[in-house]
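Peer 1:
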Amino acid sequence: EAGVTQFPSHSVIEKGQTVTLRCDPISGHDNLYWYRRVMGKEIKFLLHFVKESKQDESGMPNNRFLAERTGGTYSTLKVQPAELEDSGVYFCASSQERATDTQYFGPGTRLTVL
Amino acid sequence: AQSVTQPDIHITVSEGASLELRCNYSYGATPYLFWYVQSPGQGLQLLLKYFSGDTLVQGIKGFEAEFKRSQSSFNLRKPSVHWSDAAEYFCAVVPAGIKAAGNKLTFGGGTRVLVKP
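Respectively, the protein sequence lines represent chains A and B.
Under our numbering, the first sequence has 48 at position 48, and the numbering climbs by one with no breaks.
Residues are numbered in our numbering as their position in the second sequence, beginning at 1, plus a constant of 114.
#1: Give every residue of the same chain whose Cβ lies closer than 8 Å to the Cβ of Ala131(B), excluding the five residues on either side of it in the sequence, and list them in chain order.
#2: Could you check if Ile43(A) is buried or exposed, using at least 16 other CB atoms within 10 Å of its CB as the buried criterion?
#3: Which of helix, strand or coil does DSSP assign to Asp24(A)?
#4: Which ranges does the beta strand (DSSP E) cover as unbroken runs of at least 3 residues, wholly within the region 136-192 of chain B, from first to last along the chain?
#5: In chain B, what lies closer than 8 Å to Gly106(A) by C-beta?
#6: Considering only their Cβ atoms, is the gap separating Leu46(A) from Arg36(A) smaller than 8 Å?
#7: With 16 other CB atoms within 10 Å as the buried threshold, where does His29(A) fall?
#8: Looking at Pro81(A) and Gln6(A), is the spacing between their C-beta atoms short of 8 Å?
#9: Helix, strand or coil, according to DSSP, for Ser87(A) in the structure here?
#10: Since I believe Val113(A) is in contact with Leu77(A) (beta carbons under 8 Å), could you give me their beta-carbon distance rounded to a whole number of angstroms?
#11: Whole angstroms is fine: what's the gap from Gly88(A)'s alpha carbon to Val208(B)'s?
#12: Are the C-beta of Glu42(A) and some C-beta of chain B separated by less than 8 Å?
#13: By DSSP, does Asn63(A) sit in helix, in strand, or in coil?
#14: Using alpha carbons as the reference points, say which of Pro121(B), Gly155(B) and Phe148(B) lies closest to Leu161(B).
#15: CB Ala206(B) to CB Tyr150(B), shorter than 8 Å?
#16: When you compare only the Cα positions, how much space is there between Glu97(A) and Asn31(A)?
#17: What is the DSSP secondary structure of Ser132(B), counted as helix, strand or coil?
#18: Quick one: Cα of Leu111(A) to Cα of Thr18(A), how far?
#19: Note the first and the last residue of the continuous beta strand (DSSP E) segment covering Thr115(A).
#20: Residues of chain A with CB closer than 8 Å to the CB of Lys175(B), please, in chain order.
#21: Which value, in whole angstroms, describes the spacing of the CA atoms of Lys54(A) and Tyr146(B)?
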């Protein structure tokens, strides 16, 4: 069974440009999470989907970030326009139904904004 | 405020020696507790988790962790470290008793482990 996949693995963009990150969760996992690790800081929660609905987006830093999960399958996270402080590693995770179910993480997308 | 603390940013250990990574949490009630590992170029992999019951939890790759309520700690241990254990380790929590499906993890800052030959 395939794990959580993320694309691209790396992205280098100029400040002001737009970037879209994609996450494909494990098949059958209704819960999908986005997390981010900025250099030197801890991994922080961004948002949580249950199927196609946003359950919790309390961690989204500002309105330059837009997450979608069309049809309850894959998810995209768009940053527009990107700023220098958006640089970091963006992780996606998926899990089954319960709070105690393991969250399986993807390898992350390293975003560098120049 | 709710928080997770990993006091050690870096630890260097000799191959074959024992390893202990510290994790302390500050929550109103005992949360669900997790340890994840991130090897170079890889995603985070779950080592073990604690919800209730036996306070000594066995995980994968020969790791174990002990929950101590009185100390609000969940320290990770391995009796004999292998070179492949060089990685970054993260303690994480989810508030217990939440009925909503799934919940966000709150992470500690991570501990990077270097293994000397």
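Glycine included, every Cβ here is placed at the ideal spot set by N, Cα and C.
Peer 2: Once the coordinates are examined:
#1: For Ala131(B), the CB contacts under 8 Å within the same chain, skipping 5 residues up- and downstream, are Ser194 and Val195 in chain order.
#2: buried
#3: strand
#4: 138-140, 146-152, 158-164, 170-172, 178-182 and 187-192
#5: Gly157
#6: yes
#7: buried
#8: no
#9: DSSP places Ser87(A) in coil when its eight states are reduced to three.
#10: No, Leu77(A) and Val113(A) are not in contact; Cβ-Cβ is about 14 Å, not under 8 Å.
#11: 23 Å
#12: Chain B contact via Cβ: present.
#13: coil
#14: When each option's Cα is compared against that of Leu161(B), the closest is Phe148(B).
#15: It is a contact, given that the beta carbons lie within the stated cut-off.
#16: 7 Å
#17: coil
#18: Rounded to the nearest whole angstrom, the C-alpha separation of Leu111(A) and Thr18(A) is 11 Å.
#19: Within the shown structure, residues of chain A are numbered from 1 to 114, placing residue 115(A) beyond reach of any answer.
#20: Under the 8 Å cutoff, chain A gives no residues; its nearest Cβ is about 15 Å from Lys175(B).
#21: The alpha-carbon separation between Lys54(A) and Tyr146(B) amounts to approximately 23 Å.
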